[in-house]
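Trainee: Right, I'll just put the structure down here and ask away after.
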Amino acid sequence: MIYYTLSPAPELAAYVRFFWVLESKASVNQPYVHRSMADGCAELIFHYQGCFKEIYKNGKLENSFTAGLHGPSQNFRRFIIDKDFGIFGVYLYPFAVDALFAIPATIINNQMPDLVSLLGAEGAELGDKMNSATNTSSRVAVISAFLQKKLIKNQAELSPAVFTAIKAIIHNQGVVNIDCLADQTGFSRRQFERKFKNFSGFSPKLFSRIIRFQAALKEYGNRHKSLTEIAYTCGYYDQSHFIHDFKEFSGYCPGVYFSGKSGDNNYKDS
Numbered sequence: 001m002i003y004y005t006l007s008p009a010p011e012l013a014a015y016v017r018f019f020w021v022l023e024s025k026a027s028v029n030q031p032y033v034h035r036s037m038a039d040g041c042a043e044l045i046f047h048y049q050g051c052f053k054e055i056y057k058n059g060k061l062e063n064s065f066t067a068g069l070h071g072p073s074q075n076f077r078r079f080i081i082d083k084d085f086g087i088f089g090v091y092l093y094p095f096a097v098d099a100l101f102a103i104p105a106t107i108i109n110n111q112m113p114d115l116v117s118l119l120g121a122e123g124a125e126l127g128d129k130m131n132s133a134t135n136t137s138s139r140v141a142v143i144s145a146f147l148q149k150k151l152i153k154n155q156a157e158l159s160p161a162v163f164t165a166i167k168a169i170i171h172n173q174g175v176v177n178i179d180c181l182a183d184q185t186g187f188s189r190r191q192f193e194r195k196f197k198n199f200s201g202f203s204p205k206l207f208s209r210i211i212r213f214q215a216a217l218k219e220y221g222n223r224h225k226s227l228t229e230i231a232y233t234c235g236y237y238d239q240s241h242f243i244h245d246f247k248e249f250s251g252y253c254p255g256v257y258f259s260g261k262s263g264d265n266n267y268k269d270s
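Heads up: the sequence shown begins at 1 in the UniProt record's numbering, then just goes up one per residue.
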């Protein structure tokens, strides 16, 4: 399995956290099973080799998109593929959805629209260009040019107050004082929450919970910390609170996930 990330150009860094690539071998006898978990950020996803099927709770399988957007989500999903695959991703700040595509994050939270449904003919053209690219450098060049053009067209503000508040929650791993953030924006608490939800897809409280959960996920593979230590490191007040959020946002008990015996593949093991 191969997984790595790449930094965006400086002019995109306010909206793109990083690009990523995941490639792996799979077969009918050894399929690759992926679980996407709750995440406060959005990402553009391009499958340049292979196509996953989504596994629904009733066991039904349905083809996923080859190119599309995974919106900010409080849910988890499972996918499977039984052949070699390659994926290129663009990990976005949640407010980038509005800045780039003029679509409020609330419209696509917990959704996975394909690129054509999201952007029409423009999305189809981008998907074709990304599919025709022969290597990672070419894909980075194609998507970077596209995103820069979208930013210029939409004339988005570089750092409005609510964007700064969303970034503060992300970079402080969800452990923040919401009232203080609201005060710093200059908006009333009601205005702040309305604008925050529009740009992130969620209320400040729920968004902070999801980001804190994501911080806990990053402790995967850390054999020097117990589950209790991970919980307190990530700002959980007690073990039961940690277990509740972890199960809600991942579908796993934390003990199962951190043991590496969940039954799903994990790119963090690469």
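Glycine residues also receive a C-beta, built at the ideal position from the N, C-alpha and C atoms.
Output the distance between the C-alpha atoms of residue 173 and residue 74, rounded to the nearest integer angstrom.
Mentor: Taking the first residue of the sequence shown as position 1, residue 173 is located at position 173. Taking the first residue of the sequence shown as position 1, residue 74 is located at position 74. C-alpha separation (whole angstroms): 16 angstroms.
Trainee: Looking only at C-alpha atoms, which of 217, 204 and 53 sits nearest to residue 242?
Mentor: Indexing the sequence shown from 1 puts residue 242 at position 242. Comparing Cα-Cα distances from residue 242 to each of 217, 204 and 53, the minimum goes to 217.
Trainee: Do residue 55 and residue 80 count as a contact pair if the criterion is CB distance below 8 angstroms?
Mentor: Against the sequence shown, residue 80 aligns to sequence position 80. Against the sequence shown, residue 55 aligns to sequence position 55. Their beta carbons are under 8 angstroms apart, which means residue 80 touches residue 55 by this criterion.
Trainee: Can a CB atom of chain C be found closer than 8 angstroms to the CB of residue 80?
Mentor: This model lacks chain C altogether, as it is built from one protein chain only.
Trainee: Looking at the unbroken beta strand (DSSP E) that takes in residue 45, where does it start and where does it end?
Mentor: Residue mapping note: residue 45 aligns to position 45 of the sequence shown, counting from 1. Here the beta strand (DSSP E) through residue 45 covers 42 to 49.
Trainee: How would you write the range of the beta strand (DSSP E) that residue 154 sits in, first residue to last?
Mentor: Numbered from its first residue, the sequence shown carries residue 154 at position 154. Residue 154 -> not in any beta strand (DSSP E); alpha helix (DSSP H) instead, spanning 136 to 154.
Trainee: Taking all protein chains shown into account, decide if residue 31 is buried (16 or more other Cβ within 10 angstroms of its Cβ) or exposed.
Mentor: Within the sequence shown, numbered from 1, the residue matching residue 31 stands at position 31. Residue 31 is exposed by the Cβ-count criterion.
Trainee: Closest to residue 53 by C-alpha separation, out of 34, 23, 70 and 89, would be which residue?
Mentor: Position 53 of the sequence shown, counted from the start, is the residue given in the question as residue 53. Comparing Cα-Cα distances from residue 53 to each of 34, 23, 70 and 89, the minimum goes to 34.
Trainee: Can you check whether the CB of residue 23 is closer than 8 angstroms to the CB of residue 85?
Mentor: One-based indexing of the sequence shown puts residue 85 at position 85. One-based indexing of the sequence shown puts residue 23 at position 23. Yes, the Cβ-Cβ distance between residue 85 and residue 23 is below 8 angstroms.
Trainee: For residue 114, name the three-state secondary structure that DSSP assigns.
Mentor: As a first step, residue 114 must be located in the sequence shown, where it is residue number 114. Residue 114 falls in the strand class under three-state DSSP.
Trainee: Spatial neighbours of residue 142 within its chain, please: C-beta separation below 7 angstroms, excluding the five flanking residues on both sides.
Mentor: What you label residue 142 is simply residue 142 of the sequence shown in a count that begins at 1. 129, 130 and 133.
Trainee: Kindly indicate which three-state DSSP category residue 334 falls into: helix, strand or coil?
Mentor: Residue coverage of the chain in this structure runs from 1 to 270, which leaves residue 334 outside it and unanswerable.
Trainee: Residue 94 and residue 102: beta carbons closer than 8 angstroms?
Mentor: Within the sequence shown, the letter at position 94 stands for residue 94. Within the sequence shown, the letter at position 102 stands for residue 102. No, the Cβ-Cβ distance between residue 94 and residue 102 is not below 8 angstroms.
Trainee: Would you decide whether residue 61 is buried or exposed? Buried here means 16 or more other CB atoms lie within 10 Å of its CB.
Mentor: Here residue 61 corresponds to residue number 61 of the sequence shown, with the count starting at 1. Residue 61 should be labelled exposed.
Trainee: Spatial neighbours of residue 150 within its chain, please: C-beta separation below 6 angstroms, excluding the five flanking residues on both sides.
Mentor: Sequence index remark: in the sequence shown, residue 150 carries index 150 (1-based). So the list reads 100, once near-sequence residues are dropped.
Trainee: Using only the alpha-carbon positions, how far apart do residue 137 and residue 36 sit?
Mentor: By one-based count along the sequence shown, residue 137 stands at place 137. By one-based count along the sequence shown, residue 36 stands at place 36. Cα to Cα, the separation comes out at about 25 angstroms.
Trainee: One question on the structure: do residue 50 and residue 25 come within less than 8 angstroms of each other, judged by their Cβ atoms?
Mentor: Taking the first residue of the sequence shown as position 1, residue 50 is located at position 50. Taking the first residue of the sequence shown as position 1, residue 25 is located at position 25. Cβ distance not < 8 angstroms, so residue 50 and residue 25 don't count as in contact.
Trainee: For residue 63, does the three-state DSSP call read helix, strand or coil?
Mentor: Indexing the sequence shown from 1 puts residue 63 at position 63. It is a strand residue.
Trainee: Residue 148 to residue 39, Cα distance in whole Å?
Mentor: Mapped onto the sequence shown, residue 148 falls at position 148. Mapped onto the sequence shown, residue 39 falls at position 39. Approximately 24 angstroms between the Cα atoms of the pair.
Trainee: Determine the direct distance from the alpha carbon of residue 48 to that of residue 233, and round the result to whole angstroms.
Mentor: Here residue 233 refers to the residue found at position 233 when the sequence shown is read from its first residue. Here residue 48 refers to the residue found at position 48 when the sequence shown is read from its first residue. If I take the Cα positions, the gap works out to 38 angstroms.
Trainee: Using the Cα positions of residue 16 and residue 199, report the straight-line distance between them to the nearest angstrom.
Mentor: In the sequence shown, residue 16 corresponds to position 16, counting from 1. In the sequence shown, residue 199 corresponds to position 199, counting from 1. Straight-line Cα distance between these residues: approximately 15 angstroms.
Trainee: Which residues share a DSSP beta bridge with residue 91?
Mentor: The residue you call residue 91 lines up with position 91 of the sequence shown. Bridge partners of residue 91: 18 and 43.
Trainee: Let me check one thing: in DSSP terms, what residues is residue 6 bridge-paired to?
Mentor: Start at 1 with the first residue of the sequence shown, and residue 6 comes out as number 6. DSSP lists 19 as partners of residue 6.
Trainee: Among the candidates 78, 46, 27 and 92, whose CA atom is the shortest distance from the CA of residue 13?
Mentor: Within the sequence shown, numbered from 1, the residue matching residue 13 stands at position 13. When only C-alpha atoms are compared, the closest one is 92.
Trainee: Can you tell me which of 20, 196 and 140 puts its alpha carbon nearest to the alpha carbon of residue 160?
Mentor: Taking the first residue of the sequence shown as 1, we reach residue 160 at position 160. The shortest C-alpha separation from residue 160 is found at 196.
Trainee: Buried or exposed for residue 2, please, with buried defined as at least 16 other CB atoms from any protein chain shown within 10 angstroms of its CB.
Mentor: As a first step, residue 2 is located in the sequence shown; it is residue number 2 there, counting from the start. Exposed is the call here.
Trainee: Hey, could you find the ends of the beta strand (DSSP E) residue 223 is sitting in?
Mentor: Taking the first residue of the sequence shown as 1, we reach residue 223 at position 223. Element bounds for residue 223: n/a, residue is neither H nor E.
Trainee: Give me, in chain order, the residues of the same chain whose beta-carbon lies closer than 6 angstroms to that of residue 97; leave out the 5 immediate sequence neighbours on both sides.
Mentor: In the sequence shown, counting from the first residue as 1, residue 97 sits at position 97. The answer, listed in chain order, is 42, 103 and 105.
Trainee: Taking residue 129 as part of the alpha helix (DSSP H), name the residues at either end of that continuous run.
Mentor: Taking the sequence shown and counting its residues from 1, one reaches residue 129 at position 129. From DSSP, the alpha helix (DSSP H) with residue 129 extends over 121 to 132.
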